[in-house]
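Below is one structure, written out as structure tokens; the observations come after it.
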Amino acid sequence: MPLQDIAKWIDDTKALSRMTGATFLCLAALMLTGCMGAGLDLAASADIDKSLATGSIPRAVDGENPDAATIRNAVTSADLATVPTNPIPWANARSGSAGVIGSISEEQVNGVPCRRFTTTRHSYQGIAQFDGNACQLGNGDWVLTSFGRRS
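6 is the number of the first residue of the sequence shown in the working numbering; add one for each residue after it.
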């Protein structure tokens with residue numbers, strides 16, 4: 006092979022190498038723009054619950070106080086004979102609230118046992134007093150029929 010042909014072959018190889026490098030850079034740039042267009046959210050297609058926030062206090066459902074279930078359970082499991090001399094402490098680890106049930110009285114309302122009660126609630130919003138009423142359903146479950154902050 007003459008020298009001129011070898012020189013031409015080397016120049017062609019360099020040009021091919023430059024074109025291959027430029028093609029690679031263009032393809033890489035195109036692929037990266039696809040990632041950036043998605044906001045680099047590589048898990049966008051995954052089912053992620055974005056409603057949760059670290060360190061958040063659970064919100065009440067349908068206006069219910071987040072501590073209502075804890076208080077209801079303390080009221081309905083209390084031994085009424087000891088409440089006047091031994092107030093019942095309660096605490097809700099999920100909300101960080103705590104309090105003391107100071108009084109409970111039970112009465113029959115239309116043949117259904119109901120318990121009226123008063124409690125304090127110590128929370129991040131401060132200390133407040135609440136009045137409530139819990140009644141037992143026919144299946145044995147208790148429900149709060151009223152629960153509100155004392156004025």
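Even glycine gets a Cβ: it sits at the ideal position worked out from N, Cα and C.
Burial state of residue 74, where buried means 16 or more other Cβ atoms lie within 10 Å: Under this definition residue 74 is an exposed residue.
Residue burial classification, residue 102 (beta-carbon count within 10 angstroms, cutoff 16): Its Cβ being crowded by 16 or more others within 10 Å, residue 102 is buried.
Contacting residues, own chain, Cβ-Cβ under 6 Å from residue 128 (five flanking each side not counted): Only 102 meet the Cβ criterion.
Cβ neighbours of residue 96 in the same chain (closer than 6 Å, five flanking residues each side left out): Correct list, in chain order: 103.
Inter-residue spacing [alpha-carbon to alpha-carbon] between residue 84 and residue 109: Rounded to the nearest whole angstrom, the CA to CA distance from residue 84 to residue 109 is 10 Å.
Candidates 71, 152, 89 and 156, of which the one nearest residue 99 by Cα: Closest by alpha carbon: 71.
Cβ separation of residue 120 and residue 81, assumed to be a contact under 8 Å, to the nearest whole Å: With 8 Å as the limit, residue 120 and residue 81 qualify as a contact, their Cβ atoms being about 7 Å apart.
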